[in-house]
Amino acid sequence: MSHPKAGHQCIHCSVASCKHHNAENYCDLESINVEPTPMAYTGEAADESMCGSYHAK
């Protein structure tokens with residue numbers, strides 16, 4: 084798959100343990116679901132959100 088896809092956003096991802104991750108550090112899904120992290124109210128992006136589309140390889 085070549086990136087960027089015409090008319091679509093590119094989803095850059097370096098989470099190699101996800102089954103949607105490819106060797107070029109992109110997510111092979113056309114879209115992802117970003118979810119809040121339960122009980123994290125720090126105001127820091129890394130604590131407040133996570134990829135809800137993640138699936139282990």
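Under the numbering used here, the residues of the sequence shown are numbered 84 to 140, in order.
Don't be surprised by glycine CBs; every beta carbon is placed ideally from N, CA and C.
{"Item": "Tell whether a beta-carbon distance below 8 Å holds between Glu131 and Thr125.", "Value": "yes"}
{"Item": "Tell me the rounded alpha-carbon separation between Tyr141 and Pro121.", "Value": "Residue coverage of the chain in this structure runs from 84 to 140, which leaves residue 141 outside it and unanswerable."}
{"Item": "Skipping 5 residues on each side, what residues in its chain have a beta carbon closer than 7 Å to that of Asn96?", "Value": "Note on residue identity: the sequence assigns Cys, not Asn, to residue 96. Once the five neighbours on either side are set aside, the close Cβ partners of Cys96 are His104, Asn108, Tyr109 and Cys110."}
{"Item": "If you draw a straight line from the C-alpha of Ala99 to the C-alpha of Glu127, how long is it?", "Value": "23 Å"}
{"Item": "How is the beta strand (DSSP E) around Met133 delimited, first residue to last?", "Value": "Ser132 to Cys134"}
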